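Asker: Just so you know, the sequence shown maps onto residues 189 to 702 in the working numbering. We put the beta carbon where it would ideally sit given N, CA and C, even for glycine. If you're wondering where the values come from, they're calculated on a predicted model, not measured in any experiment.
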Amino acid sequence: MKDFQNAIVWSYSRVSSKEQFERNSSIETQVMAIKDFASEHHLLITKEFDAAYESSKNLKSQKTLINLIETLEKTPVSKRPKLILLWSPSRFGRSGVEHISLLSSLRTKFNVRIYAVSSGKHTFDERSEHDFAKELLVAQQENFNRQDVIIPGMKNFVRKGFHLGTAPRGYDKYGPRVTNPSRVQGIQEIKINEEGKWIKKAFKMKIYQDASDKEIIDFMASKGFKIPKQTLCNMWRNPFYAGISKNKLLGDQEIKGNWEPLVSDADWKLLQKKLTGSFMAGISKLPGKLDTPLIPKFLYCKNCEKNMTSYQHKKTGNYYYKCNKCNHTVNANSTKRSKRMGMHEKFGELLDGFKLSPKLIPILKEQVKLVLEDSLKSFEGKRKNLLSQITQKENELENLERRFAVGQINEKMWKKYTRITQEEIKEIELKLENLPSKKSNLAILDEKILSLLENPRQFWESINTKQKRRLQDVLFPDGLHYSPKTKEYRTSNIHLLLEITSCFIDTWTSEKNK
């Protein structure tokens, strides 16, 4: 080291995980040893590059080392360091040939040598560089050995439903390898915390109340929890909240997790369908003014068949529906000065036409049951066939698992065909879900539906704008056509339940008048 006294040097230190950084202060240990060595040998450290929890399995993952090389390239030759000091060869990297190539270029391209202060290994000459390169190959082999021992254990751990890494928002993690001393215990447990109780409510709002992300962010803030928009969007897609464990170690395989879910399996599937159908993930798209629920794409002008729009009168504050092509305008609500009934009141009259007497409810239930049971018979064959296909695919998965366990196929092939088979199962399950089921259809007349049929107008007026629009689309799939001449609504298609209700009303009225 006599040739380098008073020379300019740089230092490089690295730990590969956050756990190493926090638990044993490895960076601090390395830096102190490097500085002591520099002081002892009269070396001047002008730049320090400390890589906190950066993996060295490949050069691309070492952002700090890449920054060191880029800085070296930009530094004038006269100000470049003679040496780069580090703790040990393994701190330089563990990718073998890739790091050996970089080692050689530092000497040949930049005239910079490396010195490991813990072992004295260096690259002052070609022979020494060769010895240093062998140390890098040993470091790579250590990684391979570690993978051979640790990774199978990690896979087995995940397959048992345990979780690797930090628990997501709404949960606290307990176990032998947690950083919080108050949560250290022998067996891993993941428990719902106070925030999780409100996140559970937020999922319900998203699924059943069509709440927007902004509304949910405000709701959580009112409970004392600030959730960024992007975090919330990611939460809607995170299967952890449905009790599903996914880990890259197992490819696309899904495992039932050992924690209480915030969302049921049925609700999770429903949410994913809603997100897939929206323009942006996590954002419910319902354009249009809140005070005019009959638009957009529901109310049409009968004369020109164009969509009607709405606007607010600046002076009076009243809302109006308008056909921009025919220039017909009609008030949204009845007012003291309005000459005709408002569109909303007119729509209420239309709904009143489907109002069912409570006396007819039991009869209607029986009639709907008969109609649905008859229609469902045609789907039973399809259902059995799809269930048989799922069973067959699940057997294929078990066979793949067995063949992988006994070494008949390698891990790459196992992951590939497991993913393909799981995708095929999901496609079949989607077809199965889209088939009408006896349970769901015979439960069609639940309390909410009954309250709708007993007083459809009152029901419509009691729900919010988003719910109004969805109900309108269900009851009148082709929308409503408004005639400016007759001031009446017309529709070419109504929901089957309303058709049955209408028939009952006509029959009952006819019998009553006899």
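Within the same chain, show all residues whose beta-carbon is closer than 7 Å to that of Asp453, passing over the 5 residues directly before and after it, in chain order.
Answerer: On the sequence shown, residue 453 is found 265 positions in, with the first residue counted as 1. Ala430.
Asker: Ordered along the chain, which non-local residues of its own chain (more than five positions away) have a Cβ less than 6 Å from that of Gln166?
Answerer: There is no way to answer for residue 166, as the model of the chain reaches only from 189 to 702.
Asker: Looking only at C-alpha atoms, which of Pro264, Thr263, Glu261, Val300 sits nearest to Lys270?
Answerer: On the sequence shown, position 82 is the one that residue 270 refers to. Residue Val300 is the option with its Cα nearest to Lys270.
Asker: Specify whether the region 434–444 and the region 331–348 touch according to this definition: at least 3 beta carbon pairs, one from each stretch, less than 8 Å apart.
Answerer: A contact exists between the region 434–444 and the region 331–348.
Asker: In or out: Lys675 buried (at least 16 other Cβ within 10 Å) or exposed?
Answerer: Mapped onto the sequence shown, residue 675 falls at position 487. Counting Cβ neighbours within 10 Å, Lys675 comes out exposed, since fewer than 16 surround it.
Asker: At what residue ranges does the region 570–630 contain a whole run of the alpha helix (DSSP H), taking only runs of 4 or more?
Answerer: Whole alpha helix (DSSP H) segments, 4+ residues: 599–622, 626–630.
Asker: Which of helix, strand or coil does DSSP assign to Tyr241?
Answerer: Along the sequence shown, read from residue 1 onward, the residue named residue 241 stands at position 53. Reduced to three states, the DSSP call for Tyr241 is coil.
Asker: Short of 8 Å in beta carbon distance, which residues of its chain neighbour Leu575, apart from the five on each side in sequence? Order them along the chain.
Answerer: As a first step, residue 575 must be located in the sequence shown, where it is residue number 387. Leu620, listed in sequence order.
Asker: Output needed for Ser671: all residues of its chain with C-beta closer than 6 Å, excluding positions within five of it in sequence on either side, in chain order.
Answerer: Indexing the sequence shown from 1 puts residue 671 at position 483. Counting only Cβ-Cβ distances below 6 Å, and skipping sequence neighbours, we find Lys490.
Asker: What's the gap between the Cα of Lys673 and the Cα of Pro427?
Answerer: Position 485 of the sequence shown, counted from the first residue, corresponds to residue 673. Position 239 of the sequence shown, counted from the first residue, corresponds to residue 427. The alpha-carbon atoms of Lys673 and Pro427 are separated by roughly 54 Å.
Asker: Tell me the DSSP secondary structure of His669 in three-state form.
Answerer: As a working mapping, residue 669 is identified with position 481 in the sequence shown. Looking at His669 - three-state DSSP - the assignment turns out to be strand.
Asker: So, for Phe486: in the same chain, excluding its five sequence neighbours on each side, which residues have a beta-carbon less than 6 Å away from its beta-carbon?
Answerer: The count along the sequence shown starts at 1 and reaches residue 486 at position 298. The residues are Gln660, Gly667.
Asker: Indicate whether Glu615 and Ile578 have their beta-carbon atoms separated by less than 8 Å.
Answerer: What you label residue 615 is simply residue 427 of the sequence shown in a count that begins at 1. What you label residue 578 is simply residue 390 of the sequence shown in a count that begins at 1. No, the Cβ-Cβ distance between Glu615 and Ile578 is not below 8 Å.
Asker: With Cys489 as the anchor, note down where its beta strand (DSSP E) starts and where it stops.
Answerer: Here residue 489 refers to the residue found at position 301 of the sequence shown. Taken as a continuous stretch (DSSP letters only), the beta strand (DSSP E) holding Cys489 covers 487–489.
Asker: Determine the closest residue to Ala532 out of Met423, Lys581, Pro481, Gln460, with distance taken between C-alpha atoms.
Answerer: The sequence position of residue 532 within the sequence shown is 344, counting from 1. What sits at residue 532 in the sequence shown is His, not Ala. Looking at the Cα atoms, Pro481 is the closest of the given residues.
Asker: Counting only the same chain and skipping the five closest in sequence on each side, list residues whose C-beta sits under 8 Å from that of Gly536.
Answerer: In the sequence shown, the residue the question calls residue 536 occupies position 348. If we look at Gly536 and ignore the five residues flanking it on each side, its Cβ neighbours are Arg645, Trp648, Glu649.
Asker: What's the C-alpha gap between Thr252 and Val372?
Answerer: Translated into positions along the sequence shown, residue 252 becomes position 64. Translated into positions along the sequence shown, residue 372 becomes position 184. Using only the alpha carbons, I get a separation of about 33 Å.
Asker: If I'm right that Phe350 touches Trp386 with Cβ under 8 Å, what's the distance once you round it to whole angstroms?
Answerer: Indexing the sequence shown from 1 puts residue 350 at position 162. Indexing the sequence shown from 1 puts residue 386 at position 198. Incorrect: roughly 26 Å between the Cβ atoms, too far for contact.
Asker: Taking the alpha-carbon positions, what's the Tyr509 to Asn495 distance?
Answerer: Position 321 of the sequence shown, counted from the start, is the residue given in the question as residue 509. Position 307 of the sequence shown, counted from the start, is the residue given in the question as residue 495. So the two alpha carbons sit approximately 10 Å from each other.
Asker: Pop quiz: Ala195 and Leu231 are said to be a contact at Cβ under 8 Å. What is the actual Cβ separation, rounded to whole angstroms?
Answerer: The sequence position of residue 195 within the sequence shown is 7, counting from 1. The sequence position of residue 231 within the sequence shown is 43, counting from 1. Their Cβ separation, rounded to whole angstroms, is 6 Å, which keeps Ala195 and Leu231 in contact under 8 Å.
Asker: Which residues in the same chain have their Cβ closer than 8 Å to the Cβ of His683, if we skip the five residues on either side of it in sequence?
Answerer: By one-based count along the sequence shown, residue 683 stands at place 495. Here the set comprises Val662, Leu663, Phe664, Pro665.
Asker: Quick one: Cα of Arg268 to Cα of Leu260, how far?
Answerer: Indexing the sequence shown from 1 puts residue 268 at position 80. Indexing the sequence shown from 1 puts residue 260 at position 72. So the alpha carbons of these two residues sit roughly 7 Å apart.
Asker: Using a Cβ-Cβ cut-off of 6 Å (strictly less than) and excluding sequence neighbours within five positions of Trp456, which residues of its own chain qualify?
Answerer: The count along the sequence shown starts at 1 and reaches residue 456 at position 268. Once the five neighbours on either side are set aside, the close Cβ partners of Trp456 are Ala430.
Asker: Between Leu420 and the rest of its own chain, which residues show a CB-CB distance below 7 Å, the 5 nearest in sequence each way excluded?
Answerer: Numbered from 1 along the sequence shown, position 232 holds the residue referred to as residue 420. Closer than 7 Å at the Cβ level, and outside the excluded window around Leu420, lie Asp401, Ile404, Ile405, Gly470.
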